[in-house]
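Visitor: Taken in sequence, the protein lines are chains A and B.
Taking this note's numbering, the leading residue of the first sequence gets 1, the next gets one more, and so forth.
Taking this note's numbering, the leading residue of the second sequence gets 308, the next gets one more, and so forth.
Below: one structure in structure tokens.
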Amino acid sequence: MMGLLKAEVRRFESRRALRGLGISLLALCFLYGAYAYLQHPRLPKSVEVKRNELLAQVDAGKAASIGRCQRGFRQPPEFDIPPQTKDECEREWSEYLASTDKDRFHFSEIRKLFVSLGLPLAFLGWFIGATFIGADWHSGSLATTLTWEPRRFRLLLAKAIACAGMIFTIVYVLLTLLLVALLPVANFKGTFHGVDADWWTATALTAGRVALVSGMFGLIGFSIAALARNTAAAVGLAFGYFLIDGFARSTERLDPWLLVENLEGVVSSSLGLGAAYSTLQATGLLIVYSATAFVMAGILLIYRDVA
Amino acid sequence: MNAIEVHELTKRYRGTETKPAVDQLSFSVPEKGVFGFLGPNGSGKTTTIRCILGLCRPNSGDCKVLGVNSPKELSQVVGQIGSMVEAPRFTPGFSGMLNLELLAAPHRIPRRKILETLELVGLSESAGRSFGHYSLGMKQRLGLAAALLKNPSLLVLDEPANGLDPAGMHEIRQLIRKLADEDRTVFLSSHLLREVQEVCDRVAIISGGHLVATGTVNELMRTIFTPALVVKVGAGLKKAAAVLEQVRFQVDIRSDSLRVITPVTEAGRVSKALADAQIYVTELREEEASLERIFLQLTQEPVDSDDGPS
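This is the structure we're talking about:
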């Protein structure tokens, strides 16, 4: 299995289209870094000192507020405000902080950027997954490979693991490079305020969750393309689904089962951005969706003729 | 033990259920030597090969390859089977070398072996070029290289000479013969009868998905071939045919000659009958026994023009 897996990883990384896409995304990261650099003014030293003092005051207020949240602080009943979680408290303070110092680039806001990239990167994963197996069907190379490895489910599994794993890695590396591209912006035209060990851990986990959903969406795209035996069907279905999802979200009964809703549940977890479902619940559902799609593709491949 | 055993194999494709591609086909391929699998286009050769290699699921019947059931237990012996089905299919954007490396990697076949195989099929200079830019002949050679890479004891080759120039075809024939002489079994599907006659020890002929004959090439010639005379006359083929039919000969009229279905011992009677009717023979010879004639006789199909003149 390891040999098969290595061969499929090599097949993945050797695809010229994917290499081109990787280079384009890399370029986009650094272009965004350059754009962010140009968008933010360089403030005089004296202004920066004043702003930092202000941020210290905000921090103190935030610490007190979050302390209350953690102790189960509730607003008086007549306020009719639901109790706040630590995440909600942090989010409010983060917004307040950004509005206080909005012309400077806040490195700590990168996590929000990662979360907002979750959906496009997941659909990019879907597209990559679909093209990976779709190309094999289109060229007929799958039939050739099957004359070397006739255990079809095993072969498809190796391809799926390689594909989802590579998508995870690509997305994680991409987000890391985006972070690197924004370092000079924070250094010269912004601030690292709020960036501590906890922040690094939470950001690494957010990037991991974005990469995870991209991998899972990649697996769904892969499985649909394997079922339909072409890339176009899977990509078309993704666009079709995206349109339907928008309408379906207005129906409360369907809401918990929708891909995009659960995707948000996974990626926005630590920021508490109002996702309806817990990270675990949403991750579990996405795993079930992607595993079901893959098993269906695998079973169909076992019984179908490969020309 | 037989290298391949096909037992009452039936395969119907969706949409053509009433006309099976392969219908109750049974034959066996003994170990060692070259076994020719003949049939006109659409006779079910490739479908049979796909079933043997586990690429197609038969509707009924079964195939055994190197003693194991295909496709259920095929993985046990796949390392000993080299195959090339129809036009070789690889990833067009990858080089020939990379395509082979991807196939070879899980089987731990070293790069050196890949280079040797590419050299053997005459593709080492183009190994770095994209498969998509290969000519048809080069694609065939890469397919053959992939089939040979595992050093197989059984080679299943479907039309390996397709797209090759005459020199290339000759090379492939020699290679196939050499492989068989190394105690391997080569299952060669082809519609190029000259190729088959030159390299095969045994053949099976299928038509319309059915087996119509099987045996050694000599056996088929001896038992199936109907002796005939080729008669050319100065003029009036129709009149000559009528004369011969009057004296109870069975005659086929061809473009420039008559085919009189009778043994060579009757040549005198044929000549006399025509001479009596004032028709003079310009050529009279025994029809050459060939696989092509047997094939035509059994399948009632015209032979492809690239098989050379008959």
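Idealized CB from N, CA, C, for every residue including glycine.
(1) Listing by chain order, which chain B residues have their CB less than 7 angstroms from the CB of Leu4(A)?
(2) Can you name the start and end residues of the alpha helix (DSSP H) that Pro473(B) belongs to?
(3) Determine the direct distance from the alpha carbon of Tyr35(A) to that of Ile421(B), and round the result to whole angstroms.
(4) Closer than 8 angstroms, Cβ to any Cβ of chain B: which residues of the region 124-148 of chain A, in chain order?
(5) Is the beta carbon of Arg42(A) closer than 9 angstroms to that of Phe188(A)?
(6) Please report the distance separating the alpha-carbon of Asp101(A) from that of Lys45(A).
(7) Grouping DSSP H, G and I as helix and E and B as strand, with all else coil, what is Ser24(A)?
(8) Return helix, strand or coil for Asp136(A), following the three-state DSSP convention.
(9) From the beta carbon of Val621(B), is the nearest beta carbon of chain A less than 9 angstroms away?
(10) Rank Arg501(B), Val538(B), Ala574(B) by C-alpha distance to the C-alpha of Glu599(B) and give the top, closest one.
(11) When the Cα atoms are used, what is the spatial distance from Asp262(B) to Ile513(B)?
(12) Check the C-beta distance from Ile356(B) over to Ser496(B) and give it rounded, since I have them as a contact under 8 angstroms.
(13) Suppose only complete runs of 3+ residues qualify. What are the beta strand (DSSP E) ranges in the region 277-305 of chain A, listed by chain order?
(14) Hey, could you find the ends of the beta strand (DSSP E) Phe153(A) is sitting in?
(15) Taking all protein chains shown into account, do 16 or more other C-beta atoms lie within 10 angstroms of the C-beta of Glu526(B), making it buried, or fewer, making it exposed?
(16) Residues in its own chain within less than 7 angstroms of Tyr307(A) by CB, not counting five upstream and five downstream?
(17) Please list the terminal residues of the continuous alpha helix (DSSP H) segment that includes Asn376(B).
(18) Let me check understanding here. Comparing Cα to Cα, which of Leu38(A), Val115(A), Leu31(A), Asp196(A) lies closest to Gly190(A)?
(19) What residue range does the alpha helix (DSSP H) around Cys358(B) cover?
(20) Taking buried to mean at least 16 other C-beta atoms within 10 Å of its own C-beta, is Leu31(A) buried or exposed?
(21) Around the C-beta of Tyr303(A), are 16 or more other C-beta atoms found within 10 angstroms, so that it is buried, or is it exposed?
(22) Who are the Cβ neighbours of Ala122(A) in its own chain at under 7 angstroms, not counting the five residues just before and after it?
(23) If you pair each beta-carbon of the region 462-472 of chain B with each one of the region 313-322 of chain B, do three or more pairs fall below 8 angstroms?
(24) Report yes or no: is there a C-beta of chain A within less than 9 angstroms of the C-beta of Tyr587(B)?
(25) So what does Pro254(B) bridge to, in DSSP terms?
Guide: Taking the coordinates as given:
(1) Pro413
(2) 473-488
(3) 49 angstroms
(4) Ala135, Asp136, Ser139, Gly140, Ser141, Ala143, Thr144, Thr145, Leu146, Thr147, Trp148
(5) yes
(6) 14 angstroms
(7) helix
(8) helix
(9) With chain B running from 308 to 617 in the structure shown, residue 621(B) is simply not present.
(10) Arg501(B)
(11) Residue coverage of chain B in this structure runs from 308 to 617, which leaves residue 262(B) outside it and unanswerable.
(12) 6 angstroms
(13) none
(14) Where Phe153(A) is concerned, there is no enclosing beta strand (DSSP E), although the alpha helix (DSSP H) it sits in stretches over 152-189.
(15) exposed
(16) It is Ala, not Tyr, that sits at residue 307(A) in the sequence shown. Here the set comprises Ala143.
(17) Note, Asn376(B): premise wrong, no alpha helix (DSSP H); beta strand (DSSP E) at 375-377.
(18) Leu38(A)
(19) 352-359
(20) exposed
(21) exposed
(22) Val213, Ser214, Phe217, Leu263
(23) no
(24) no
(25) In the structure as shown, chain B starts at 308 and stops at 617, and residue 254(B) therefore has no counterpart that could be examined.
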